[in-house]
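As structure tokens, the structure follows; a few thoughts come after it.
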Amino acid sequence: MLESKYVDVSKLTFETTKKFRKYLKRLVELGGSDVHLKAGSIVRGRVHGEIIPLSSEVITREEALTLAKELLRTRFDELVENKDIDFTYIYNEQIRFRVNLFFQLNGVSGVFRVIPTDIKSIDELGLPITLHKITQMPRGLVLVTGITGSGKSTTLAALIDEINVTRKEHIITIEDPVEFVHQDKKSIINQRNIGQDAKSFSSALKAALREDPDVILVGEMRDLETIEMALHAAETGHLVFSTLHTLDAKETINRIISVFPAEEQNRVRMILASVLEAVVSQRLVRKKNGGRIAAVEILLKTKRIESIIAEGRDLELTEAIEEGKIYGMQTFDQALLDLYKRGLIDMDTALENATSPSDMKLAIKGIVASSAKEAQNMNISLDDGIIDLKEES
Numbered sequence: 009m010l011e012s013k014y015v016d017v018s019k020l021t022f023e024t025t026k027k028f029r030k031y032l033k034r035l036v037e038l039g040g041s042d043v044h045l046k047a048g049s050i051v052r053g054r055v056h057g058e059i060i061p062l063s064s065e066v067i068t069r070e071e072a073l074t075l076a077k078e079l080l081r082t083r084f085d086e087l088v089e090n091k092d093i094d095f096t097y098i099y100n101e102q103i104r105f106r107v108n109l110f111f112q113l114n115g116v117s118g119v120f121r122v123i124p125t126d127i128k129s130i131d132e133l134g135l136p137i138t139l140h141k142i143t144q145m146p147r148g149l150v151l152v153t154g155i156t157g158s159g160k161s162t163t164l165a166a167l168i169d170e171i172n173v174t175r176k177e178h179i180i181t182i183e184d185p186v187e188f189v190h191q192d193k194k195s196i197i198n199q200r201n202i203g204q205d206a207k208s209f210s211s212a213l214k215a216a217l218r219e220d221p222d223v224i225l226v227g228e229m230r231d232l233e234t235i236e237m238a239l240h241a242a243e244t245g246h247l248v249f250s251t252l253h254t255l256d257a258k259e260t261i262n263r264i265i266s267v268f269p270a271e272e273q274n275r276v277r278m279i280l281a282s283v284l285e286a287v288v289s290q291r292l293v294r295k296k297n298g299g300r301i302a303a304v305e306i307l308l309k310t311k312r313i314e315s316i317i318a319e320g321r322d323l324e325l326t327e328a329i330e331e332g333k334i335y336g337m338q339t340f341d342q343a344l345l346d347l348y349k350r351g352l353i354d355m356d357t358a359l360e361n362a363t364s365p366s367d368m369k370l371a372i373k374g375i376v377a378s379s380a381k382e383a384q385n386m387n388i389s390l391d392d393g394i395i396d397l398k399e400e401s
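Residue 9 is where the sequence shown starts when you use the numbering used here, and the numbers rise one by one after that.
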């Protein structure tokens, strides 16, 4: 058995873990997404986007440290040396959590994020139908972007699952850690866990190119070498999926290019223009009747988009996306307006999340005016109190 410099595994009782599991259970019962552990504080959870207490009991510094030792065992050395660590924890043999433990001023803290066991389809997630088109792409680079907690992993899982169901391919996923576990359907899927099955994203991606892949999922493009390898994989005929912590297509393109030295950026820009097939950027917004739903910006490759990227005319991207609706593209504001039209979000949510709140208000006024006119033609009266669009004084 591997030995640890810092932990004698034989002396661990796992009593702290047993105690902590009740918080994981409570979060699942509430339908939450994350448990927040902090030494010297109560345990909290994120439920429908808000942080709430899961107990009034304080986790001491010693308990937090013991929990880390019990969960990590011989891998506790990595936490001590690197000051943070990612791993997967399985609760009750069925509920999986993606865990990040780290040191902070008062000791050990951590976030336990629920990984749903069921992989929901594109339609079940309420995502735009354009994403079905993305799963049929034969090659190129597809990026799913957004802030932490915006549902990137869930969307990627839906995309990979649809390929698995509809195509006969070899799919390799490289993740840190593996989140959604896929079973072979029409495709064969190999999933590699960084730290356990591979040393790094870049080394695993380099190896993947020798493993006869058709589709490669790179959990995150964290460094220049990984980005370079992902571009190369897409350039050589593979369909590559990955994620970035960027807000929209424009920021995504700039982020990739800016990673490279100035003298390399024109070359990278040309390659990116050639291989980038889609950017799916999403934000979770409040649903009218509780819960959250994704508002999604979609950029798809067209001659115009390719030219804009190649020539560095990034300021024109939003307009090009807006005018590319016929191809399945949409801006965030178009996505929000569509969710409002469908009755999934209210006006306040649409305005709060809009890139241009004033334009959004005008668009909503147009919808209400049109509905009122239709109702008048049908001799139907509308309740004026339902929607208040008074101009602010």
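For each residue, glycine too, the CB sits at the ideal point set by N, CA and C.
Within its own chain, the residues whose Cβ lies closer than 6 Å to the Cβ of residue 248, once the five positions on either side in sequence are excluded, are 149, 224, 238, 241 and 242, listed in chain order. Here residue 293 is bridged, per DSSP, to 301. For residue 46, the uninterrupted beta strand (DSSP E) run begins and ends at 42-46, by DSSP. Secondary structure note for residue 52: its beta strand (DSSP E) is the uninterrupted segment 49-55.
In this structure, the straight-line span from the alpha carbon of residue 172 to that of residue 192 is close to 7 Å. Setting aside the 5 residues that flank it on each side, residue 213 is surrounded in the same chain by 182, 224, 226, 234, 237, 238 and 241, each with a C-beta closer than 8 Å to its C-beta; the list follows chain order. Listed in chain order, the non-local C-beta contacts of residue 343 below 6 Å within the same chain comprise 303 and 304, local neighbours out to five positions each way being set aside. Inside the segment 319-368, DSSP marks whole alpha helix (DSSP H) runs of 4 or more residues at positions 325-331, 340-349 and 355-361, from first to last along the chain. In the structure shown, residue 256 falls within a coil segment according to DSSP collapsed to helix, strand and coil. The beta carbon of residue 256 is closer than 6 Å to those of 289 and 305 in its chain, skipping five residues each way along the sequence. If one requires a minimum length of 3 residues, the beta strand (DSSP E) runs lying completely within the segment 233-286 are 247-252, in chain order.
According to DSSP, residue pairing for residue 28 in a beta bridge does not occur. Leaving aside the five residues that flank residue 348 on each side, the residues in its chain whose CB is nearer than 6 Å to its CB run, in chain order, 358. Between residue 133 and residue 162 the beta-carbon gap is near 7 Å, inside 8 Å, which marks them as a contact.
Three or more beta-carbon pairs separated by less than 8 Å are not found between the segment 99-106 and the segment 56-76, which leaves the two stretches without contact. Assigned with DSSP and collapsed to three states, residue 85 falls in helix. CA-CA distance, residue 22 to residue 184, rounds to 25 Å. The DSSP-derived three-state label of residue 71 is helix.
Residue 178 is positioned such that its CB atom lies closer than 8 Å to that of residue 195. For residue 126, the number of other beta carbons within 10 angstroms of its own is below 16, and it is reported as exposed.
Ranked by how close their Cα comes to the Cα of residue 175, the residues 254, 217, 204 and 222 have 222 in first place. Of the residues assessed, residue 66 falls on the exposed side of the cut-off, its CB having fewer than 16 other CB atoms within 10 angstroms. Within the same chain, and ignoring the five residues on either side of residue 25 in sequence, the residues whose Cβ sits closer than 8 Å to its Cβ are 75, 78 and 79.
Distance from the CA of residue 199 to the CA of residue 294, rounded to the nearest whole angstrom, comes to 33 Å. The C-alpha of residue 167 lies about 35 Å from the C-alpha of residue 271. Between residue 151 and residue 252, the CB-CB gap stays under 8 Å. The beta-carbon separation of residue 53 and residue 114, rounded to 19 Å, does not stay under the 8 Å limit for a contact.
With contacts defined as CB atoms closer than 8 Å, residue 277 and residue 361 fail to qualify as a contacting pair. Excluding residues up to 5 positions away in sequence, 231, 232 and 235 lie with their Cβ nearer than 8 Å to the Cβ of residue 267 in the same chain. Around the beta-carbon of residue 333, fewer than 16 other beta-carbon atoms lie within 10 Å, marking it exposed. Within 10 angstroms of the beta-carbon of residue 154 lie 16 or more other beta-carbons, which makes it buried.
Taking C-beta atoms as the reference points, residue 83 and residue 93 count as a pair closer than 8 Å.
Sequence-distant Cβ neighbours of residue 366 in its own chain, meaning closer than 7 Å and more than five residues away, do not exist here. The beta carbon of residue 368 sits closer than 8 Å to those of 341, 344, 345, 358, 359 and 362, all from its chain and outside the five residues before and after it, given in chain order. The Cβ neighbour count for residue 146, taken over all protein chains shown within 10 Å, is under 16; the residue is labelled exposed.
Within the segment 102-169, complete beta strand (DSSP E) segments of at least 3 residues are found at 103-112, 115-123 and 148-153, given in chain order.
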